[in-house]
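Step one of this worksheet: look at the structure below.
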Amino acid sequence: MRVLFDLGHPAHVHYFKNLIKLLKKNGNQVLIVAREKDVTHSLLKNYKIPYLSRGKGSKTLSGKLFYLFKANFQLYKYSIVFKPDLFISFASPYAAQIANYFNKPHIAFTDTEHAKLGIASFLPFTDTIITPKTFKGNLGHNHIKFDGYMEDTYLHPKYFKPNKNILKKLNLSDKEKYVVLRLVSWEASHDIGQKGFRIDTLVNLIAEIKNHARIFISAENKIPKIFKKYQLSINPTEIHDVLSFAELFIGEGATMASECAIMGTPSIYINSLSAGTLEDQEKKGILSMFKSPNGLIEKSREILINPKAKKETKQKSIDLFKNKIDINIFFYWLISNYPKSIIDYENN
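Numbering-wise, the numbering used here puts 268 at position 268 of the sequence shown, and it's gapless, one number per residue.
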């Protein structure tokens, strides 16, 4: 089988890297097409996954519309040469539309309910939509759900073993506490009308954290000058090692907040946008959600002064994987036997 993956975000590299290995290992031909977004290309290079670029996106609505034509044209050209039997993406309108043009099936993964515009752009051209069971809503008769989170594809203990050497790179001792603060760019279509931390909020939050731990800031865009000294400078492939050993994560980004929860790092997600995955993790006691900064400093302090917070969250994260299947194996089975696998899945 010839499979084309369209990747539009660094998280997509993580979601699909082990599935891509499985497909290649079993004799399938795979082509990766990737947007030049944040560290997407760097991750692919570091993981030694060959790829073709579909260029940079845009911050403006008019630019996004222009990029739709540009990315579609790039995918069209690559598809003419590669001749895929199947297109796979995480909510890509480009892969969906080009697959439809070539009369080939498109499987779309998503876990972001509030991305209404994004869903509307790929749904009419998509044959199968796959989401976590926690996804709120029904996307139609071709929507199937699995028991787990997208982040399980690379953070399951079978695939992820944190490397303690990262502490030396950060000039930290084994027992030294640190907090990771994540700032996002707010450029996605579902971010329209949203905005991030105010500078004064960050100043007050950092002042409190410094009473208890070191602080590192990870950001999609440039960090304001006054916070430059806290900037996290690592190889992109090391980010999960950093998050795994952190005492606390605070961030605007849903993916990283969910990753921390799954790895057993106390996680605070601050954003007016929610998701079924995050709400499920909050119910399980591995993540806290805030729609505004109100109460954020107090919650951060509560976690940092609790000597059992990290250990308790870690145990809850271990429990997540009890009696759960390896979802990469499930995805591989589904793709290898597609479309018969969908019928078998629905019947069982």
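Don't be surprised by glycine CBs; every beta carbon is placed ideally from N, CA and C.
Buried versus exposed, by CB contacts within 10 Å (16 or more), residue i
i: Val13; result: buried
i: Asn18; result: buried
i: Ile343; result: exposed
i: Thr60; result: exposed
i: Ala188; result: At Ala188 the pLDDT is 42, less than 50, meaning the model places this residue with poor confidence and gives no usable figure here.
i: Asp319; result: exposed
i: Gly193; result: With a pLDDT of 36 at Gly193, under the threshold of 50, the predicted position of this residue should be treated as unreliable, though the coordinate-derived value follows. Exposed, since its Cβ has fewer than 16 Cβ neighbours within 10 Å.
i: Phe109; result: buried
i: Ala120; result: exposed
i: Tyr101; result: exposed
i: Lys310; result: buried
i: His141; result: exposed
i: Ala275; result: buried
i: Pro84; result: buried
i: Ser89; result: buried
i: Asn306; result: exposed
i: Val33; result: buried
i: Gln231; result: exposed
i: Asn219; result: Per the sequence presented here, residue 219 reads as Ala, with Asn not at that position. Buried: at least 16 other Cβ atoms inside 10 Å.
i: Glu298; result: exposed
i: Pro124; result: exposed
i: Lys195; result: A caution first: Lys195 carries a pLDDT of 48, below 50, which makes its placement in the model unreliable, though a value can still be read off. Per the 10 Å Cβ criterion, exposed.
i: Leu117; result: exposed
i: Glu176; result: exposed
i: Ser300; result: buried
i: Ala11; result: buried
i: Gly285; result: exposed
Alpha helix (DSSP H) segment containing residue i, residue limits
i: Gln315; result: 309-320
i: Ser258; result: 254-263
i: Ser79; result: 61-82
i: Val13; result: 10-25
i: Gln97; result: 93-101
i: Ser336; result: 327-336
i: Ser341; result: 340-347
Where the beta strand (DSSP E) through residue i begins and ends
i: Ala246; result: Unbroken run through Ala246: none, as it is neither H nor E.
i: Val3; result: 2-7
i: Ser233; result: Here Ser233 belongs to no beta strand (DSSP E), and DSSP marks it neither H nor E.
i: His41; result: Not the beta strand (DSSP E): His41 falls in the alpha helix (DSSP H), residues 40-46.
i: Arg214; result: 214-219
i: Phe87; result: 86-90
i: Ile226; result: Ile226 -> no beta strand (DSSP E), and no H or E assigned at all.
i: His106; result: 106-109
i: Ile32; result: 29-34
Best match in the options for proximity to residue i [C-alpha to C-alpha]
i: Asn271; options: Gly285, Asn294, Ile286, Lys283; result: Asn294
i: Tyr47; options: Tyr15, Lys77, Asn100; result: Tyr15
i: Tyr78; options: Glu302, Leu4, Thr60; result: Leu4
i: Ser288; options: Ala120, Val81, Tyr269; result: Tyr269
i: Pro50; options: Val30, Phe66, Pro84; result: Val30
i: Leu296; options: Leu22, Lys168, Val180, Leu205; result: Leu205
i: Gly148; options: Asp111, Lys168, Lys175, Lys116; result: Asp111
i: Phe290; options: Lys284, Leu123, Ser267, Ala207; result: Ser267
i: Val81; options: Leu52, Leu44, Ile329; result: Leu52
i: Lys145; options: Asn337, Phe330, Ser336; result: Phe330
i: Glu282; options: Asn211, Ser292, Ser317; result: Ser317
i: Gly55; options: Lys45, Arg35, Gly63, Asn72; result: Arg35
i: Val107; options: Pro93, Leu117, Arg214; result: First, the amino acid is wrong: residue 107 is Ile here, not Val. If we check each option's Cα against that of Ile107, Pro93 comes out closest.
i: Asn328; options: Arg2, Leu7, Leu23; result: Leu23
i: Trp333; options: Tyr345, Lys322, Ile98; result: Tyr345
i: Asn171; options: Val203, Phe321, Arg214, Ser58; result: Arg214
i: Asp326; options: Leu7, Glu113, Tyr154; result: Tyr154
i: Ala9; options: Ala91, Ala207, Gly251; result: Note on residue identity: the sequence assigns His, not Ala, to residue 9. The option with the nearest alpha carbon to His9 is Ala91.
i: Asp200; options: Asp280, Asn221, Ile286, Phe227; result: Phe227
i: Glu252; options: Lys104, Ser292, Ser341, Asp280; result: Ser292
i: Thr126; options: His114, Ala115, Lys104; result: Lys104
i: Ala99; options: Glu113, Lys45, Leu75, Thr313; result: Leu75
Within-7 angstroms CB hit, residue i to chain D
i: Ala91; result: The structure shown has no chain D; it contains just one protein chain.
| For the 8 angstroms Cβ check, are there 3 or more pairs between the segment 255-264 and the segment 226-237? | No, because fewer than three Cβ pairs between the segment 255-264 and the segment 226-237 fall closer than 8 angstroms, the two stretches do not touch.
| Counting only runs that start and end within the segment 116-202, where is the alpha helix (DSSP H) found for 4 or more residues in a row? | 116-122, 152-155, 165-169
| said: My parser needs the alpha helix (DSSP H) runs of 4 or more residues fully inside the segment 269-312; what are they? | reply: 276-283, 296-304
| query | Within the chosen definition, does the segment 249-257 reach the segment 174-185 through at least 3 CB pairs nearer than 8 angstroms? | reply | Output reads yes: the segment 174-185 touches the segment 249-257.
| query | So does the segment 155-171 actually touch the segment 121-138, counting three or more Cβ pairs closer than 8 angstroms? | reply | no
| request: Inspect the CB distances between the segment 67-77 and the segment 36-43 and report whether three or more fall short of 8 angstroms. | output: Output reads no: the segment 36-43 does not touch the segment 67-77.
| task | Take every Cβ of the segment 169-183, pair it with every Cβ of the segment 242-252, and state whether three or more of those distances are shorter than 8 angstroms. | result | yes
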